[in-house]
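*Asks:* Structure in structure tokens, see below.
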Amino acid sequence: SHSGATKRFKKTGTGKIRRRSKNLNHFNEKMSSRRKRRLGGPQLVSKADEKRVNEMLSS
């Protein structure tokens, strides 16, 4: 399996793939609290990318 991918993605119980959201590493001062909260939670990988990520996760 791809060691970088195993650190970035997790599978859910139903087989979907979760990822961390972007835009929260730095330059957050100018963002509203509401925007940061909405970016906070994990997101699902899109259907278009799911196959590729699955290949990287499977050993």
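FYI, this note's numbering numbers position 43 of the sequence shown as 36, with every residue one higher than the one before it. Heads up, the beta-carbon is just placed ideally off N, CA and C, and yes, glycines get one too.
Could you have a look at Arg12 and say whether DSSP puts it in helix, strand or coil?
*Replies:* Residue 12 sits at position 19 when you count from the first residue of the sequence shown. Correct three-state label for Arg12: strand.
*Asks:* On the CB-based measure, 16 or more other CB atoms within 10 Å of its CB, does Phe20 come out buried or exposed?
*Replies:* Locating residue 20 in the sequence shown gives position 27, counting from the first residue. Per the 10 Å Cβ criterion, exposed.
*Asks:* Under 8 Å by Cβ, that's how I've got Ser(-4) and Ser51 pegged, so tell me the actual separation to the nearest angstrom.
*Replies:* On the sequence shown, position 3 is the one that residue -4 refers to. On the sequence shown, position 58 is the one that residue 51 refers to. Not really, about 13 Å apart at Cβ, beyond 8 Å.
*Asks:* What's the gap between the Cα of Asn47 and the Cα of Ala(-2)?
*Replies:* The sequence position of residue 47 within the sequence shown is 54, counting from 1. The sequence position of residue -2 within the sequence shown is 5, counting from 1. Approximately 9 Å, taken between the alpha carbons.
*Asks:* Give the secondary structure of Leu50 by DSSP, where H, G and I count as helix, E and B as strand, and everything else as coil.
*Replies:* By one-based count along the sequence shown, residue 50 stands at place 57. Looking at Leu50 - three-state DSSP - the assignment turns out to be helix.
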